[in-house]
Amino acid sequence: MMSYKAICVICASMALVLCGCSEDTKYNSIYTTNVNAGNATAGPEAMEVDLVEDLAAKREQYVAAIKVLQSYYEQTGNHRKGMWTKRELELLGQAPQYTYIPAGQIVSESLRASDIIPAADALYAEADDLYVKARMLALIGDKPKLRQALSKFNELINKYPTSDKIDDSAYKAGIIYQTFGDDKLAVTYYERAYQWDDLTPYPARFKAAYLMDKVLGMKTKALELYEYAVANEGQYGANLEYAKERIRILSNTEEVRKARGEVKN
């Protein structure tokens, strides 16, 4: 017969899994689930940009106000209320505050990851630490930490657009968006990773190709990226056989043959 402690552990694990599932339903993709391949990476309208930037500014003001209050309580020795402010800041970091228009969409694809910027490196280290810790709990997913990591990756791209860490940030942000089911955003970020650094060490083209192929219906573009991945991402051997097989299949589809002028419309 199972011990009381064992039963509690199993119940807790099931609760975490169920919470994760309900959260996925509650906070579904920030886009619609019906994907239109034609505008998979379309940019936002000017009005939306203004509204989202205003929201971001107000969020920053709110956080700054809490920190000022926290400092006041620390200076006056009110430890109880100081703990309240600390807890409020912690809960803010765990809440799903969507960026609505992430950095990868707004920032130009013509940026170059070129400069060594210590502040950007430090920010990237913070984001990557959160990212690694969250990914280690892949079974149940540590979504609050993933959101915090995502926020810091986007912050880096916005604040330090010439940093040599922007392609790293874009690639890992793409993985997080894909984890959350935002496949269109994930593609945008994978694209930014190799657009910002043509020699990025990550398999960004393969990952973009896979989503374009299997989710977004962008077969011709996916084929181009698969071909590049086979030629230039050889260090990721596990991807190569799959990419070669998809190249063989896609090359013989009517859609691709028409796009390449091999079949008359």
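Following the numbering used here, the numbering of the sequence shown begins with 158 at its first residue and continues without gaps.
All C-beta atoms, glycine included, are put in the ideal place defined by N, C-alpha and C.
Task: Buried or exposed by the 16-neighbour rule on C-beta atoms within 10 Å, applied to tyrosine 347 - done: buried
Task: Simplified DSSP state of serine 228, which is helix, strand or coil - done: helix
- [ ] Identify, in the order they occur along the chain, each residue of the same chain with its Cβ nearer than 7 Å to the Cβ of tyrosine 359, setting aside the five sequence neighbours on each side.
- [x] Tyr328, Ala350
TODO: Confirm, please, whether the CB-CB distance from alanine 365 to valine 344 is below 8 Å.
DONE: yes
- [ ] Assuming alanine 270 and serine 320 form a contact by the criterion Cβ under 8 Å, report the distance between their Cβ atoms to the nearest whole angstrom.
- [x] 7 Å
Open item on the list: What does the alpha-carbon distance come out to for the pair tyrosine 383 and glutamate 398?
Closed with: 11 Å
Open item on the list: alanine 386 and alanine 400 - do their beta-carbons sit closer together than 8 Å?
Closed with: yes
Open item on the list: Spatial neighbours of leucine 226 within its chain, please: C-beta separation below 6 Å, excluding the five flanking residues on both sides.
Closed with: Thr242
Open item on the list: Please report the straight-line C-alpha distance between glycine 338 and phenylalanine 310, rounded to a whole angstrom.
Closed with: 18 Å
TODO: Please list, in chain order, all residues of the same chain as glutamate 312 whose beta carbon is under 7 Å from its beta carbon, the five residues on each side excluded.
DONE: Leu280
TODO: For methionine 369, count neighbouring Cβ atoms within 10 angstroms of its own Cβ and tell me buried if that reaches 16, exposed if not.
DONE: buried
TODO: Answer yes or no: do threonine 377 and alanine 330 have a C-beta to C-beta separation smaller than 8 Å?
DONE: no
- [ ] Determine the closest residue to tryptophan 353 out of Ile333, Asp325, Ala379, Tyr367, with distance taken between C-alpha atoms.
- [x] Asp325
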